[in-house]
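Here the structure comes first, spelled out in structure tokens, and everything after it is commentary.
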Amino acid sequence: MNFDFTAEENELKRRVAGVFTGEAVSEAQLMERASLEELKRTTGDFLRKLGEIGYLSLCLGPAQASESLKLLAAQEDVARISGSLFLSVETTARLFGGLVAGFGAHDQFSDLLALLAGGRIIAAVAVSEDERPDSGPGFSTVAWEDGESFIVSGTKPFVTNAPIADYIAVAASLDGKPAIFIVKPGDHAVVVGPRLETLGYNGLAVASLELREVRVPKEMVIGPLQNPTLIEFLRRTQDLLLTAASVGLMRRTLTESKKHADSHLRGGKPIFARQEIRFKIAEMLTLTQTAQLLCYRAAWMYSVSDAEAHAVLHCAKVFSAEASERVASMGVQILAGTGYVSGNPVEQAYRESKYAALAGTTTELARMSIAEELLKRHQV
Numbered sequence: 001m002n003f004d005f006t007a008e009e010n011e012l013k014r015r016v017a018g019v020f021t022g023e024a025v026s027e028a029q030l031m032e033r034a035s036l037e038e039l040k041r042t043t044g045d046f047l048r049k050l051g052e053i054g055y056l057s058l059c060l061g062p063a064q065a066s067e068s069l070k071l072l073a074a075q076e077d078v079a080r081i082s083g084s085l086f087l088s089v090e091t092t093a094r095l096f097g098g099l100v101a102g103f104g105a106h107d108q109f110s111d112l113l114a115l116l117a118g119g120r121i122i123a124a125v126a127v128s129e130d131e132r133p134d135s136g137p138g139f140s141t142v143a144w145e146d147g148e149s150f151i152v153s154g155t156k157p158f159v160t161n162a163p164i165a166d167y168i169a170v171a172a173s174l175d176g177k178p179a180i181f182i183v184k185p186g187d188h189a190v191v192v193g194p195r196l197e198t199l200g201y202n203g204l205a206v207a208s209l210e211l212r213e214v215r216v217p218k219e220m221v222i223g224p225l226q227n228p229t230l231i232e233f234l235r236r237t238q239d240l241l242l243t244a245a246s247v248g249l250m251r252r253t254l255t256e257s258k259k260h261a262d263s264h265l266r267g268g269k270p271i272f273a274r275q276e277i278r279f280k281i282a283e284m285l286t287l288t289q290t291a292q293l294l295c296y297r298a299a300w301m302y303s304v305s306d307a308e309a310h311a312v313l314h315c316a317k318v319f320s321a322e323a324s325e326r327v328a329s330m331g332v333q334i335l336a337g338t339g340y341v342s343g344n345p346v347e348q349a350y351r352e353s354k355y356a357a358l359a360g361t362t363t364e365l366a367r368m369s370i371a372e373e374l375l376k377r378h379q380v
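In terms of the UniProt record's numbering, the sequence shown is residues 1 to 380.
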């Protein structure tokens, strides 16, 4: 693995930096207190700007996995500025776009992909479901054929972007196999619930989704698929995005903590002069850079189709998720009373840091997966 950014990666990072000027950074950070109407407008504006620089066209689907590392170099910068904006943009581009570009026929979805690449739509992906005692394999959301279309019925409890989405990709069981159905929230049978109040990422619009026998034309259906590749792609992509979000959060927290330590005085000296503060910042930097390197290694391994990429991604996710909680906690400790007051970036990071351990592959399941991968490869 080459630790230097290529000229192409540096150019993408430069273009992303050009999108997030001083005024744009402030606008992205204001998303934490924005209404749904403001969120839709702001997210749409940033999507269009990112579409203009080619950011939304990269790494769409398994066939473009070779672009993983190139994209990550820029993704981390977006996540550092605003975790909420980052997750909203990536849900549209890499999750929804990856499904459509990676598993749908190009001629079938060419118009939709053009809208996506230009940043002219906001999209959501509805996969996770509540477990029930009678739940069997597959999804409890089901679909069946009805003439020239399909009928889809079911409920999804947590759908990122649902309240502001133009399109939603819904995972459901069709004849016992996974399939994706593209629906529009404007349909009266597609019921988006009220926006959920979450602990962190308050600039992210999340809601439940109910499908009341929604009729979906066949040209808006992907699958059914015979193998688990589609679901594996979604899980892998989400885990990599959450890992990048954690790294961005740690970088943001470290910057704010160092800034406070340099400017806040105790006994006539900046608190950075105190050894215990320096030790905390040194540990925060160590955790941040280790998580960053693990994240980059996971992306690189996917880009070269390494057999151990899956296990390393789970290593990166576990470490980054748990390290972000420690970094955020130390940041609050450094800021003391200021860090405990709602509305500052470190307090925000403290609330957001828990999400990565819960979303996607949980840290518990990731640890089990790592152990299983090791047992397969290294028989004892």
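We put the beta carbon where it would ideally sit given N, CA and C, even for glycine. Fair warning: this is a prediction, and the values are worked out from it, not measured in the lab.
So which of the options has the shortest CA-CA distance to residue i?
i           : options                : result
A28         : T92, R215, S82         : S82
E322        : M220, S303, V192, T362 : T362
residue 381 : I231, I281, L374       : Residue 381 lies beyond the range of the chain shown here (1 to 380); nothing can be said about it.
F139        : S128, S149, L287, E145 : S128
T92         : T290, E352, L234       : L234
F86         : D4, H264, M284, Q238   : Q238
T198        : S84, G223, P217, V216  : S84
V25         : A79, Q292, T229, A169  : A79
A126        : L211, C59, G203        : L211
F8          : D262, G54, G331        : For the sequence presented, residue 8 should be read as Glu rather than Phe. When each option's Cα is compared against that of E8, the closest is G54.
K70         : A282, Y340, S320, R297 : R297
T255        : T43, I334, A357, S303  : I334
T6          : H106, R351, L36, E67   : E67
R274        : A261, E283, T286       : A261
A101        : T288, I271, I222, E145 : I222
A244        : V318, E232, L115, I281 : V318
S369        : E347, C315, N344       : C315
K156        : D130, E145, F181, D146 : D130
R326        : T288, P345, N344       : T288
T290        : S320, I281, D45        : S320
L240        : K13, R14, A73, V16     : A73
L204        : L12, L30, N2           : L30
P224        : A282, F46, A105, L12   : A105
E283        : N10, S263, T253        : T253
E232        : L39, G61, E364, L36    : G61
I'd like the list of long-range same chain contacts for residue i, defined as Cβ closer than 8 Å, with 5 residues on each side in sequence excluded.
i    : result
D166 : I121, I122, A123, K184, P185
M301 : E308, A309, V312, L313
S149 : R215, V216, P217, K218
E213 : I151, V152, S153, A189
Here's the rule I'm using: 16 or more other beta-carbon atoms within 10 Å means buried, otherwise exposed. How should residue i be labelled?
i    : result
A143 : buried
H188 : exposed
R94  : buried
K376 : exposed
H378 : exposed
F103 : buried
M220 : buried
R236 : buried
L265 : exposed
T338 : exposed
A117 : buried
F279 : exposed
A169 : buried
A76  : It is worth fixing the name first, because residue 76 is Glu in this sequence and not Ala. Per the 10 Å Cβ criterion, buried.
E347 : buried
T42  : buried
S303 : buried
Go through its chain and collect everything with a Cβ distance to residue i's Cβ below 7 Å, but skip five positions before and after it.
i           : result
L50         : V19, L56, V89, G119
G355        : Looking at the sequence shown, residue 355 is not Gly but Tyr. Hits under 7 Å: G200, Y201.
A207        : V159, A162, P163, V192, G193, P194, R195, L196
Q226        : K177
residue 420 : This structure does not reach residue 420, given that the chain is present from 1 up to 380, and the question cannot be answered.
A63         : G102
List the endpoints of the continuous beta strand (DSSP E) containing residue i.
i    : result
S342 : Careful: S342 lies outside any beta strand (DSSP E) and carries neither H nor E.
I180 : 177-183
A323 : Element bounds for A323: not the beta strand (DSSP E) but the alpha helix (DSSP H), 309-335.
L174 : 167-174
V304 : Run containing V304: none; DSSP gives neither H nor E here.
Quick one: what's got a C-beta closer than 6 Å to residue i's C-beta in the same chain, skipping five residues either side?
i    : result
T141 : G154, A172
T229 : none
R48  : G119
Y350 : A328, V332
A17  : none
S257 : G331, I334
F324 : Residue 324 is actually Ser in this sequence, not Phe. Result list for S324: S246, L249, M250, S353, in chain order.
G360 : Q238, D239, L242
For the alpha helix (DSSP H) containing residue i, list its first residue and its last residue.
i    : result
S26  : 22-29
K13  : 7-19
R252 : 229-263
E210 : Note, E210: premise wrong, no alpha helix (DSSP H); beta strand (DSSP E) at 206-217.
D45  : 36-52
- Hey, which unbroken runs of the alpha helix (DSSP H) at 4 residues or more fall wholly within the segment 81-158? 83-90, 97-103, 106-117
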